[in-house]
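Going by UniProt numbering, the sequence shown opens with residue 1, and the numbers climb by one from there. Backbone N, C-alpha and C fix where the C-beta goes; we use that ideal spot for every residue, glycine too.
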Amino acid sequence: MMMKVLILSPYPESLMETVARLGDEAICYNAPITPEFIAATQADFIISYGYRTIIKIDIIERFPRRIVNMHIAYLPWNRGVHPNVWSWIEGTPKGVTIHFIDQGIDTGDIIVQEEVQFGNDETLDTTYKKLRVQIERLFDRHWASIRSGCDATPQDLAAGNNHNKAQGEKILTLLPQGYQTPVATAEELGRQLGLRIRP
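Here you go:
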């Protein structure tokens with residue numbers, strides 16, 4: 001059965017292609033949403049990808065197991081903002097995760113994830129772009145099962161870590177070359193600040 005899929009994202013193009021290939025209709029939006037807006041779209045499923053607005057609980061509750069987030073982190077590591085930056089600063093696992101959305105920030109049950117390895121010749125920008133490619137490919141491979149209903153694994157919320165907006169803004173000011181900062185420099189910055197979770 002054809003679904004109406006609301007894609008909340010500043011860069012929905014790849015997801016639109018995947019959704020359309022299975023015969024579903026993609027509705028793209030990148031601004032705050034309300035219950036009234038959701039009702040008007042008649043959406044059956046919601047995908048959040050790079051969406052900067054927290055989705056309110058009254059909307060989440062309307063879409064049980066039908067609202068997912070695509071997060072460029074290997075959850076439960078680096079929940080919250082700037083996950084790729086923090087993975088280098090703190091020395092934590094890097095990867096991508098698709099998970100159901102609940103009332104927390106990146107705390108929902110994990111549908112599928114992949115750990116990603118990088119060399120030290122990368123920058124924060126190049127690793128970010130590669131993670132985006134990786135998660136879009138992951139979505140392409142798994143959308144059929146996600147839309148049909150799939151199993152998911154609860155996160156161990158006692159493990160991993162998270163970062164809020166204020167922490168993210170502060171760490172960005174310390175990067176000597178912004179997103180062009182080499183990852184080796186970001187790792188050394190983490191050591192200097194005493195933030196390394198793993199050496």
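When DSSP labels each residue in this structure, what does residue i get in the three-state scheme?
{"i": "HIS142", "result": "helix"}
{"i": "ILE7", "result": "strand"}
{"i": "ILE38", "result": "helix"}
{"i": "MET70", "result": "strand"}
{"i": "TYR51", "result": "coil"}
{"i": "ARG65", "result": "coil"}
{"i": "GLY80", "result": "strand"}
{"i": "GLY95", "result": "strand"}
{"i": "ILE46", "result": "strand"}
{"i": "THR181", "result": "coil"}
{"i": "THR126", "result": "helix"}
{"i": "THR18", "result": "helix"}
With 16 other CB atoms within 10 Å as the buried threshold, where does residue i fall?
{"i": "SER148", "result": "exposed"}
{"i": "GLY23", "result": "exposed"}
{"i": "ARG21", "result": "exposed"}
{"i": "ASN84", "result": "buried"}
{"i": "ALA158", "result": "exposed"}
{"i": "GLU90", "result": "buried"}
{"i": "TYR11", "result": "exposed"}
{"i": "ASN69", "result": "buried"}
{"i": "THR153", "result": "exposed"}
{"i": "THR127", "result": "buried"}
{"i": "ARG191", "result": "exposed"}
{"i": "PRO113", "result": "At residue 113 the sequence reads Gln, which differs from the Pro that was named. The residue is buried, with at least 16 neighbouring Cβ atoms inside 10 Å."}
{"i": "THR34", "result": "exposed"}
{"i": "GLY108", "result": "buried"}
Give the C-beta separation of residue i and residue j to the nearest angstrom, bearing in mind that I take them to be a contact with Cβ-Cβ under 8 Å.
{"i": "ILE59", "j": "ILE38", "result": "6 Å"}
{"i": "SER145", "j": "ILE101", "result": "About 17 Å separates the two Cβ atoms, so there is no contact after all."}
{"i": "PHE139", "j": "THR53", "result": "Going by Cβ atoms, the distance from PHE139 to THR53 rounds to 20 Å, so no, they are not a contact pair."}
{"i": "TRP88", "j": "ASN161", "result": "In fact, because the Cβ distance is near 13 Å, the residues do not count as touching under 8 Å."}
{"i": "GLU136", "j": "SER14", "result": "4 Å"}
{"i": "ILE46", "j": "ARG66", "result": "7 Å"}
{"i": "LEU172", "j": "HIS82", "result": "7 Å"}
{"i": "ILE110", "j": "GLN155", "result": "6 Å"}
{"i": "VAL5", "j": "GLU36", "result": "About 19 Å; that fails the 8 Å criterion."}
Could you spell out where the beta strand (DSSP E) holding residue i opens and where it closes?
{"i": "GLU26", "result": "It should be pointed out that residue 26 corresponds to Ala in this sequence rather than to Glu. Element bounds for ALA26: 25-29."}
{"i": "VAL112", "result": "110-115"}
Grab the span of the alpha helix (DSSP H) containing residue i for me, first residue to last.
{"i": "ILE197", "result": "First-last for ILE197: undefined, no H or E at that position."}
{"i": "ASP58", "result": "57-60"}
{"i": "LEU172", "result": "165-173"}
- Message: Assess contact between the region 173-186 and the region 118-126, defined as three or more Cβ pairs (one per stretch) separated by less than 8 Å. Is contact present?
- Response: yes
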